[in-house]
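Note that the UniProt record's numbering numbers the sequence shown so that position 84 is 84, with each residue one more than the last. Accompanying notes for the structure given below.
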Amino acid sequence: MDSPLSIDELLSAHQEWNLTYDQLYYPVPLRATISSLCLLLLCIGVFGNILVIVVVATARVRMLTPTNCYLVSLSLADLIALVVGVATMISELNVTRDRWVLCGIIGCKISVYLSYVGVNTSAFSITAFSVERFVAICYPITAQTACTVKRAKRIIAGIWIFGLLYNSPWFYLATLLPKPVADTNVTIERCGHKLDRSSRAYMSLYLGDLALFYFIPLVLLSVLYSAIARVLFRSSSTCQGSEPLRTSNATRALQSRIQASQHIQLLSRNFTRSKFHNIENSKSSHFHKVVKMLFVVVVMFAVLWLPYRFMVVYNSFAPRTRRIASEWYVAISRSLIFVNSTINPIIYNAMSVKFRREFKRLLTCL
């Protein structure tokens, strides 16, 4: 399986094995452009993801919710994928092509392992917070016991344990492979894996990983957010005074949850009917904003991973002469994955008043 964090591994899979002497280095424009972009993404991504983790950890009363726990898990996974990926890409771009220079075979094994742990755990964290929002909105009565911080922490622990164990075979499979330079006595060692690309084991591992951490989550997320949107739309229509002919059980439950959370306080303070409806609308608006923010995170995950996933799927089945082997395409598709690991804190800041307020509070204290 092509490492999602290695240009050399991707290109080596779809080009001839031997390099000529003139091919020992990537073109200067490619090296300068992609290296600068990766360094920028690394700085923004590390700062932003650490900020998310610190904000949720320090503002526990205001920010410690099940959804935010999953966002912390996502930030940690993105941090791992980003740091390992950028270090790998920059080293590959700026030294002899295909030559592995990061701590020998041990560094090769660790980088491949951590890259898959980060990427796969990120996908499962996105799926987990989407399921949590689905239950909270579509089954609010069940959510009172199911969607708790304690349960979220247990699920997150399970996700990480699964990710660490599932990807553990890469400690064995990842290794340094010799790559001769044509017409010279020079042999370069590159970080690759022991599986034959034409073997059934390779295809089974690759297709299983692709389905488990990309296609199945996307199908599930599409179903979940369609159901969430339907419930929120009906709830919004009811709060605005339009009585739908048919109201689902989930819609009625959501309305009951919105009303019940404020009912005792409203009675004790003798709120007017108009103020009561204002609070109902405010609560409903909060649900809408949270779901919109998470939906944008999901869309970014799907879109930014698509060029890389498309290339690897296409190249796995296309004849060698028709495979995508453009250095620019490979480098840009890899960089888009780094964008995915960088952009989430920016989304939180842009779409969440709570995160924006806590970011400002924390930065002011620095």
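Where a beta carbon is used, it is the ideal one built from N, C-alpha and C, also for glycine.
Nearest-angstrom Cα distance between residue i and residue j?
i, j, result
"proline 178", "aspartate 98", "10 Å"
"phenylalanine 108", "leucine 195", "In the sequence under discussion, the amino acid at residue 108 is cysteine, which differs from the phenylalanine named in the question. C-alpha separation (whole angstroms): 15 Å."
"isoleucine 346", "leucine 64", "19 Å"
"arginine 357", "alanine 57", "15 Å"
"threonine 175", "alanine 87", "18 Å"
"leucine 224", "glutamate 132", "10 Å"
"isoleucine 337", "asparagine 49", "15 Å"
"serine 130", "cysteine 138", "12 Å"
"alanine 152", "isoleucine 53", "15 Å"
"asparagine 120", "threonine 321", "31 Å"
"alanine 350", "valine 55", "16 Å"
"valine 312", "arginine 62", "43 Å"
"tryptophan 17", "tyrosine 348", "Any reading at tryptophan 17 needs caution, since the residue's pLDDT is 47, under 50, leaving its predicted position unreliable; the model's value is listed next. If I take the Cα positions, the gap works out to 44 Å."
"leucine 218", "leucine 362", "34 Å"
"isoleucine 279", "alanine 32", "Here isoleucine 279 scores only 46 on pLDDT, less than 50, and its place in the model should not be relied on; the value that follows carries that caveat. Their Cα atoms are separated by approximately 54 Å."
"asparagine 185", "proline 307", "37 Å"
"valine 28", "phenylalanine 355", "40 Å"
"leucine 164", "leucine 40", "29 Å"
"arginine 60", "valine 72", "12 Å"
So what's residue i in DSSP terms, helix, strand or just coil?
i, result
"arginine 151", "helix"
"residue 423", "Because the chain here runs from 1 to 366, residue 423 falls outside it and cannot be looked at."
"proline 307", "helix"
"tyrosine 116", "helix"
"alanine 157", "helix"
"serine 326", "coil"
"tyrosine 348", "helix"
"leucine 24", "coil"
"proline 140", "helix"
"proline 29", "helix"
Spatial neighbours of residue i within its chain, please: C-beta separation below 6 Å, excluding the five flanking residues on both sides.
i, result
"glycine 118", "Ala77, Ile80 and Ala81"
"valine 339", "Leu304"
"threonine 203", "The question names threonine, yet the displayed sequence has methionine at residue 203. Hits under 6 Å: none found."
"histidine 193", "Leu173 and Ala174"
"proline 66", "Glu132, Cys147, Val149 and Ala152"
Going by beta-carbon coordinates alone, are residue i and residue j separated by less than 8 Å?
i, j, result
"isoleucine 126", "phenylalanine 310", "no"
"leucine 207", "threonine 96", "no"
"valine 84", "serine 115", "yes"
"phenylalanine 213", "alanine 123", "yes"
"cysteine 38", "serine 333", "no"
"alanine 128", "tyrosine 70", "yes"
"residue 389", "glutamate 327", "Since the displayed the chain opens at 1 and closes at 366, residue 389 lies outside it and no answer follows."
"leucine 74", "asparagine 344", "yes"
"histidine 288", "leucine 232", "yes"
"valine 291", "isoleucine 228", "yes"
"tryptophan 170", "tyrosine 113", "yes"
"leucine 51", "phenylalanine 359", "yes"
"methionine 293", "serine 226", "no"
Take residue i and list the residues in its own chain whose beta-carbon comes closer than 7 Å to its own, dropping the five residues that flank it on each side.
i, result
"alanine 143", "Val135 and Ala136"
"serine 341", "Gly45, Asp78, Ala81 and Leu82"
"serine 91", "Val101 and Leu102"
Going along the chain, which residues of its own chain have a beta-carbon closer than 8 Å to the beta-carbon of residue i, five neighbours each way excluded?
i, result
"glutamate 189", "Arg99, Trp100, Leu176, Leu177, Pro178 and Lys179"
"valine 298", "Ile126, Ser130, Leu221 and Tyr225"
Determine, using beta carbons only, whether residue i comes closer than 8 Å to chain D.
i, result
"isoleucine 155", "Looking for chain D here will not work: only one protein chain is present."
Can you check the segment 165-230 for any alpha helix (DSSP H) of at least 4 residues that lies completely inside it and give the ranges in chain order? Note on the segment 165-230: whole alpha helix (DSSP H) runs with a minimum of 4 residues are 170-173 and 200-210, in chain order.
Identify every run of the alpha helix (DSSP H) within the segment 52-106, keeping only runs that are complete inside it and at least 4 residues long; order them along the chain. Positions of the alpha helix (DSSP H) runs, each at least 4 residues long and wholly inside the segment 52-106, are given as 60-63 and 66-94 in order along the chain.
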